[in-house]
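Notes to accompany the following structure.
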Amino acid sequence: MKLILLGPPGAGKGTQAAKIAERYSLAHISTGDMLRAEIASETPLGIRAKALIEAGELVPDDIIIGMVENRIQQPDCENGFLLDGFPRTIAQAESLMEFSDIDRAVCIEVPDESIVDRMARRRVCPDCKRTYSVDIDEGDEFYCSECGARLVARDDDKPETVRHRLEVYAEQTFPLIEFFDGKALLSRIDGSGTVEEVAQNIFDLFEEKDPYWEDDVDC
Ligand code: AP5
Numbered sequence: 003m004k005l006i007l008l009g010p011p012g013a014g015k016g017t018q019a020a021k022i023a024e025r026y027s028l029a030h031i032s033t034g035d036m037l038r039a040e041i042a043s044e045t046p047l048g049i050r051a052k053a054l055i056e057a058g059e060l061v062p063d064d065i066i067i068g069m070v071e072n073r074i075q076q077p078d079c080e081n082g083f084l085l086d087g088f089p090r091t092i093a094q095a096e097s098l099m100e101f102s103d104i105d106r107a108v109c110i111e112v113p114d115e116s117i118v119d120r121m122a123r124r125r126v127c128p129d130c131k132r133t134y135s136v137d138i139d140e141g142d143e144f145y146c147s148e149c150g151a152r153l154v155a156r157d158d159d160k161p162e163t164v165r166h167r168l169e170v171y172a173e174q175t176f177p178l179i180e181f182f183d184g185k186a187l188l189s190r191i192d193g194s195g196t197v198e199e200v201a202q203n204i205f206d207l208f209e210e211k212d213p214y215w216e217d218d219v220d221c
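Per the working numbering, residue 3 is the first one in the sequence shown, and the count goes up by one each step.
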């Protein structure tokens, strides 16, 4: 399978991508994670990307397209891959369709109010990179349950940056829904349930079961 996960910032793409990649043995390709690794290594690309990411802007198409085109040629992508955070513009989508054949694009839909709340709760482990949703009423010190490191908020999760990211999404990424719908590749998933409910609906979609089938049986 060659899959794309679409959806606004904080929709749960990274959370669901990890589950999908594990279940179907796919390479999980997150352009956000790739850029954050460049930032951590202080490469020229990382230094350029840092300012853009912290401002909630997109990194230029030519950089991202080249990065993904190289990445999907790696041996771990032979069994298929899952793109998380790419494409994000029509130019990126058009290039992707030229250098790869995509089987399905899944859009995780979540209302803006829930997104602002999710971003306020998101903390990440600076060491093992796990993502958590914390209870912010319980203080501001949280630790990774896997490696014990103190969790941190992402620099681009400040409320004003989240609002700008949502505007950028609406302007530049939302049109991709029509783009992939027009190619009969799009499926939409309600992302407002629990992590496990959303994952199950995605698995049912791939495995061609109706997620509401069990309810129908009683009728
Ligand atoms: P990126 O890291 O890709 O950010 P994003 O797309 O904005 O998405 P997020 O990582 O913020 O959220 P997510 O949907 O993965 O949600 P998550 O699972 O973490 O990109 C960052 C930046 O890099 C971009 O702004 C841009 O500058 C640059 N960039 C990246 N790709 C680019 C590209 N292709 N072109 C140009 N620039 C690019 O979940 C969020 C929180 O909610 C977590 O705390 C999680 O635990 C919680 N949560 C998840 N699911 C649920 C649920 N069902 N119920 C309750 N809480 C949930």
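Ideal Cβ placement from N, Cα and C applies to all residues, glycine included.
At which residues does the beta strand (DSSP E) containing residue i begin and terminate?
i, result
"residue 125", "124-126"
"residue 4", "4-8"
"residue 29", "29-32"
"residue 111", "106-111"
"residue 191", "188-192"
"residue 91", "Residue 91 -> no beta strand (DSSP E), and no H or E assigned at all."
Taking residue i as part of the alpha helix (DSSP H), name the residues at either end of that continuous run.
i, result
"residue 52", "46-56"
"residue 70", "63-73"
"residue 102", "That residue, residue 102, is in no alpha helix (DSSP H); it is neither H nor E in DSSP."
"residue 22", "15-26"
For residue i, collect the residues of the same chain with a Cβ closer than 6 Å to its Cβ; drop the 5 residues on either side in sequence, then sort them by chain order.
i, result
"residue 175", "90"
"residue 112", "13, 193, 194"
"residue 21", "201"
"residue 221", "With a pLDDT of 35 at residue 221, under the threshold of 50, the modelled position of that residue is not reliable, and no figure is offered here."
"residue 98", "89"
Leaving out five residues on either side along the sequence, give the residues of the same chain with a beta carbon under 7 Å from the beta carbon of residue i.
i, result
"residue 214", "Legend: pLDDT at residue 214 = 49, less than 50; position of this residue unreliable, value from coordinates given subsequently. None."
"residue 138", "122, 123"
The ligand AP5 and residue i: does the residue's C-beta get closer than 6 Å to at least one heavy atom of that ligand?
i, result
"residue 152", "no"
"residue 124", "yes"
"residue 205", "no"
"residue 15", "yes"
For residue i versus residue j, is the C-beta distance shorter than 7 Å?
i, j, result
"residue 7", "residue 19", "yes"
"residue 86", "residue 29", "no"
"residue 168", "residue 114", "yes"
"residue 55", "residue 48", "no"
"residue 94", "residue 119", "no"
As a quick exercise: from the options, pick the residue whose alpha carbon is nearest that of residue i.
i, options, result
"residue 102", "71, 125, 93, 76", "71"
"residue 177", "157, 9, 4, 147", "9"
"residue 128", "146, 17, 141, 161", "146"
"residue 66", "33, 161, 57", "33"
"residue 125", "206, 96, 158, 173", "158"
"residue 208", "197, 141, 190", "190"
"residue 181", "50, 92, 17", "92"
Would the C-beta of residue i count as close to the ligand FMN, meaning under 6 Å from any of its heavy atoms?
i, result
"residue 107", "As presented, the structure is devoid of the ligand FMN, carrying the ligand AP5 as its sole ligands."
In its own chain, which residues sit with a C-beta less than 8 Å from the C-beta of residue i, not counting the 5 before and 5 after it?
i, result
"residue 5", "22, 28, 82, 83, 84, 85, 104, 105, 106, 107, 108"
"residue 53", "none"
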